[in-house]
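Structure first, commentary second.
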Amino acid sequence: MNLKALYLIGIVCLIALAVGKFDHDAGGYKDGFTTKASFPDKAVHAICGLGLCFAFAHIMVPSIALCGVIAAGAAYEVAQGYFSVYDLIADAVGAGIAWVYLISVSPGVLS
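All the letters of the sequence shown, read from the start, carry residue numbers 1 to 111 under this note's numbering.
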C-alpha cells in the first residue's frame, strides 16, 4: 500500500468519525488550554496537526498543507457538536511547527 492510499484511508476515517458522531463533544464545560481531561487533549491536537501537516505536504498538495490541516481541524470541531477554539489553535500550532520545519529544513517539498 502506498502512502497516498494510506492518507486517503485516514481522510475517510476522519469523515466517518465526524458523520457517525463517534467522538461527540457536548460542551457545557469551561474550555481552555488547561481543560481537565483523561488525556492531554490540547497536546494531542497539536501532535495531530503536526503529523497531518507533514503527511499532507509530502503526499498530497504541499502548497496548501497548513491551510488544509487547519480547515480539517475546524470541520472536525464543527462535526463534534461543540466547537473548541482552543482545540483549533492547538491544531494550528502543531501544523505551523511542521510548516516552519518544512520551510527551513526541506524547502523543496513545498515547491
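Where is the CB? At the ideal position from N, CA and C, for every residue including glycine.
Between HIS58 and GLY94, the C-beta gap is not smaller than 8 Å, which leaves the two residues out of contact. The Cβ-Cβ distance between ASP91 and VAL69 falls below 8 Å. Annotated three-state conformation of ASP31 is coil, per DSSP.
Each residue's CA atom was taken as its position, placing TYR29 and ALA79 some 18 Å apart.
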